[in-house]
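Student:
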Amino acid sequence: MMFALIGGSIIGIAVSLMLAFNGRVTGISGIISGALSPKIDDFSWRFLFILGLISGGFILRWTHPEAFLSLDLHSQTSDYMIAGFLVGFGTLLGNGCTSGHGVCGISRLSLRSIISTITFIFFGIISVIIFKAMRGGL
Amino acid sequence: MKNFISFLVGVIFAIGLGLSGMTQTHVVRGFLDLFGTWNLNLMGVMIGAIGVHSIVYHMIKHRSSPLLDTKFHLPSKKDIDARLIIGAALFGIGWGWAGICPGPALVSLASGKISIMTFVGSMIVGMFVFKAVEKKIT
Chain A
1 MMFALIGGSI
11 IGIAVSLMLA
21 FNGRVTGISG
31 IISGALSPKI
41 DDFSWRFLFI
51 LGLISGGFIL
61 RWTHPEAFLS
71 LDLHSQTSDY
81 MIAGFLVGFG
91 TLLGNGCTSG
101 HGVCGISRLS
111 LRSIISTITF
121 IFFGIISVII
131 FKAMRGGL
Chain B
1 MKNFISFLVG
11 VIFAIGLGLS
21 GMTQTHVVRG
31 FLDLFGTWNL
41 NLMGVMIGAI
51 GVHSIVYHMI
61 KHRSSPLLDT
71 KFHLPSKKDI
81 DARLIIGAAL
91 FGIGWGWAGI
101 CPGPALVSLA
111 SGKISIMTFV
121 GSMIVGMFVF
131 KAVEKKIT
């Protein structure tokens with residue numbers, strides 16, 4: 001729990017830097033979406049943010065290799081295909097994911113974000129109940 | 001400079017996700033597994049991130065502009081509509097099914113695993129499908 005609070009605070013610092021310096025919300029699905037339909041003067045910051053996330057991933061791979069161990073525990077390739085599609089389609093339809101709505105939106109006390117977060121957690125719970133029953137574990 | 005901040009925010013965000021267990025699918029699913037051994041890590045991350053960011057947001061929201069831009073780029077939508085709810089529901093189903101949301105997905109690309117590349121590939125397909133459908137409707 002201690003690491004969760006520390007890790008969460010680090011994420012809070014990251015999104016605060018983005019807002020204070022660049023005036024942007026760190027909504028990851030939105031940043032990816034914008035990078036997929038690039039506009040002049042609006043691409044490089046998105047691309048570099050994504051590059052930063054992946055670079056951070058390489059640091060973790062070196063310092064905390066256990067961070068990526070559970071990926072293939074109970075999931076099959078088809079699970080990742082279906083889930084990935086739903087995450088991509090759903091986040092654009094609903095204008096945000098865990099970072100944009102869950103962290104940034106709730107911090108701004110946005111009603112849309114609060115309702116979105118309650119909704120995706122509720123459907124996430126249902127999804128996990130079915131996943132566990134079908135795949136036999138988390 | 002804005003690009004450098006974006007890159008730095010990406011790296012810091014990734015480290016925060018990794019340290020707090022958010023790149024581990026069983027930790028994320030464990031939070032959604034209300035009726036199993038409930039793993040509260042994700043809640044700790046949200047509390048840490050929202051705690052830090054809401055303080056910073058309320059400190060800087062009265063400023064007319066961020067440090068490196070002429071204006072803030074904050075979401076302006078206020079309406080609670082079907083799009084918001086259905087999008088969040090679809091995202092929640094995919095999130096629970098894989099135990100991955102867009103941020104950890106990009107960070108985990110550094111693992112080089114086929115499973116996460118499949119997820120990110122499908123997520124991008126889902127985003128492009130949404131963009132194509134949206135164009136037809138509007």
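So the sequence lines, in the order shown, correspond to chains A and B. 1 is the number of the first residue of the first sequence in our numbering; add one for each residue after it. 1 is the number of the first residue of the second sequence in our numbering; add one for each residue after it. By construction, the Cβ of each residue, glycine as well, lies at the ideal position given by its N, Cα and C atoms. Computed from a predicted structure; not experimentally measured.
#1: Grab the span of the alpha helix (DSSP H) containing A:R108 for me, first residue to last.
#2: Taking only beta-carbon atoms, is A:D41 less than 8 Å away from chain B?
#3: Using a threshold of 8 Å, state whether the C-beta atoms of B:K113 and A:L19 are closer than that.
#4: Name the residue from A:R112, A:A133, A:V128 whose alpha carbon lies nearest to the alpha carbon of B:W95.
#5: Alpha carbons only, please: which of A:G90, A:S113, A:I106, A:S116 is nearest the one belonging to B:F128?
#6: Can you list the residues of chain A that B:I12 reaches, using a CB-CB cut of under 9 Å?
#7: Going by DSSP, what residues sit across from B:H73 in a beta bridge?
#8: Between B:I93 and chain A, is the shortest Cβ-Cβ distance under 8 Å, so that the two count as touching?
#9: Going by the beta-carbon positions, is the gap between B:I60 and A:L36 smaller than 8 Å?
#10: Give a yes or no on whether 8 Å exceeds the smallest Cβ distance from B:W38 to chain A.
#11: Give the single residue among A:L138, A:T117, A:L92, A:G137 whose Cα lies nearest to the Cα of B:V131.
#12: Any idea if B:Q24 is buried or exposed, counting beta-carbon neighbours within 10 angstroms, 16 or more meaning buried?
#13: Among A:F122, A:F47, A:S29, which has the Cα closest to the Cα of B:G103?
#14: Measuring straight from C-alpha to C-alpha, what distance separates B:N3 and B:A49?
#15: Going by alpha carbons, who is nearest to B:H73 out of A:K132, A:A4, A:T26?
#16: Between the beta-carbon of A:I106 and the beta-carbon of A:S113, is there less than 8 Å?
#17: Mind reading off the beta-carbon distance from A:I11 to A:V87? Whole number of angstroms is fine, and I expect it under 8 Å.
#18: Would you say A:A133 faces chain B, with C-beta separation under 8 Å as the test?
#19: Given a cut-off of 8 Å on the beta-carbon distance, is the pair A:G94 and A:S110 in contact?
#20: Give me the subset of the segment 81 to 99 of chain A whose CB atoms are less than 9 Å from a CB atom of chain B, sorted by chain position.
#21: Taking the beta carbon of A:A14 as the centre, do at least 16 other beta carbons fall within 10 Å, making it buried, or is it exposed?
#22: Just tell me which of A:A67, A:T119, A:C97, A:T77 has its CA closest to the CA of B:H26.
#23: Once the 5 residues before and after B:I116 are set aside, which same chain residues still bring their CB inside 8 Å of it?
#24: Distance, Cα to Cα, B:G92 vs A:G84?
#25: Quick check: A:L69 and B:I15, are their CB atoms within less than 8 Å of each other?
#26: By DSSP, does B:T118 sit in helix, in strand, or in coil?
Tutor: Here's the rundown:
#1: Counting from 1 along the first sequence, the entry for residue 108 of chain A is found at position 108. Here A:R108 belongs to no alpha helix (DSSP H), and DSSP marks it neither H nor E.
#2: For the purposes of this step, residue 41 of chain A is taken as the residue at position 41 of the first sequence. Taking a beta-carbon distance threshold of 8 Å, A:D41 does not count as an interface residue toward chain B.
#3: Numbered from its first residue, the second sequence carries residue 113 of chain B at position 113. Numbered from its first residue, the first sequence carries residue 19 of chain A at position 19. Taking 8 Å as the Cβ cut-off, B:K113 and A:L19 do not qualify as a contacting pair.
#4: For this step, residue 95 of chain B is matched to residue 95 along the second sequence. Measuring C-alpha to C-alpha distances from B:W95 to each of A:R112, A:A133, A:V128 identifies A:V128 as the nearest.
#5: Mapped onto the second sequence, residue 128 of chain B falls at position 128. Of A:G90, A:S113, A:I106, A:S116, the residue nearest in Cα terms is A:G90.
#6: In the second sequence, counting from the first residue as 1, residue 12 of chain B sits at position 12. The answer, in chain order, is I10, I11, I13, A14, L17, G52, G56.
#7: Within the second sequence, numbered from 1, the residue matching residue 73 of chain B stands at position 73. Answer by DSSP bridge pairing, in chain order: A:R24.
#8: Taking the second sequence and counting its residues from 1, one reaches residue 93 of chain B at position 93. Yes, B:I93 counts as interfacial toward chain A.
#9: Here the question's residue 60 of chain B lines up with position 60 in the second sequence. Here the question's residue 36 of chain A lines up with position 36 in the first sequence. No; because the gap between Cβ atoms is not below 8 Å, this pair is not in contact.
#10: The residue you call residue 38 of chain B lines up with position 38 of the second sequence. At a cut-off of 8 Å, the C-beta of B:W38 has no neighbouring C-beta in chain A.
#11: Numbered from its first residue, the second sequence carries residue 131 of chain B at position 131. The sequence shown places Lys at residue 131 of chain B, rather than the Val named in the question. The residue with the shortest Cα to Cα distance from B:K131 is A:L92.
#12: Translated into positions along the second sequence, residue 24 of chain B becomes position 24. Buried is the call here.
#13: Taking the second sequence and counting its residues from 1, one reaches residue 103 of chain B at position 103. Among A:F122, A:F47, A:S29, the Cα nearest to that of B:G103 belongs to A:S29.
#14: For this step, residue 3 of chain B is matched to residue 3 along the second sequence. For this step, residue 49 of chain B is matched to residue 49 along the second sequence. Roughly 23 Å between the two C-alpha positions.
#15: Counted from its first residue, the second sequence places residue 73 of chain B at position 73. Nearest C-alpha to B:H73: A:T26.
#16: Here residue 106 of chain A corresponds to residue number 106 of the first sequence, with the count starting at 1. Here residue 113 of chain A corresponds to residue number 113 of the first sequence, with the count starting at 1. In this structure, A:I106 places its C-beta atom within 8 Å of the C-beta atom of A:S113.
#17: One-based indexing of the first sequence puts residue 11 of chain A at position 11. One-based indexing of the first sequence puts residue 87 of chain A at position 87. Not a contact, Cβ separation roughly 19 Å.
#18: Here the question's residue 133 of chain A lines up with position 133 in the first sequence. For A:A133, no CB of chain B lies under 8 Å from its own CB, so it is not counted at the interface with that chain.
#19: As a position in the first sequence, residue 94 of chain A is number 94, starting the count at 1. As a position in the first sequence, residue 110 of chain A is number 110, starting the count at 1. Their beta carbons are not under 8 Å apart, which means A:G94 does not touch A:S110 by this criterion.
#20: Answer in chain order: M81, I82, A83, G84, F85, L86, V87, G88, F89, G90, T91, L92, L93, G94, N95, G96, C97, T98, S99.
#21: Counting from one through the first sequence, the residue named residue 14 of chain A turns up at place 14. It counts as buried.
#22: Looking up residue 26 of chain B in the second sequence gives position 26. Ranked by Cα distance from B:H26, the options A:A67, A:T119, A:C97, A:T77 are led by A:A67.
#23: To locate residue 116 of chain B, count along the second sequence from 1; it is residue 116. Answer for B:I116: I100, A105, S108, L109, listed in chain order.
#24: Position 92 of the second sequence holds residue 92 of chain B. Position 84 of the first sequence holds residue 84 of chain A. Straight-line Cα distance between these residues: approximately 11 Å.
#25: For the purposes of this step, residue 69 of chain A is taken as the residue at position 69 of the first sequence. For the purposes of this step, residue 15 of chain B is taken as the residue at position 15 of the second sequence. The Cβ atoms of A:L69 and B:I15 lie no closer than 8 Å to each other.
#26: Along the second sequence, one-based indexing puts residue 118 of chain B at 118. In the structure shown, B:T118 sits in a helix (DSSP, three-state: H, G or I).
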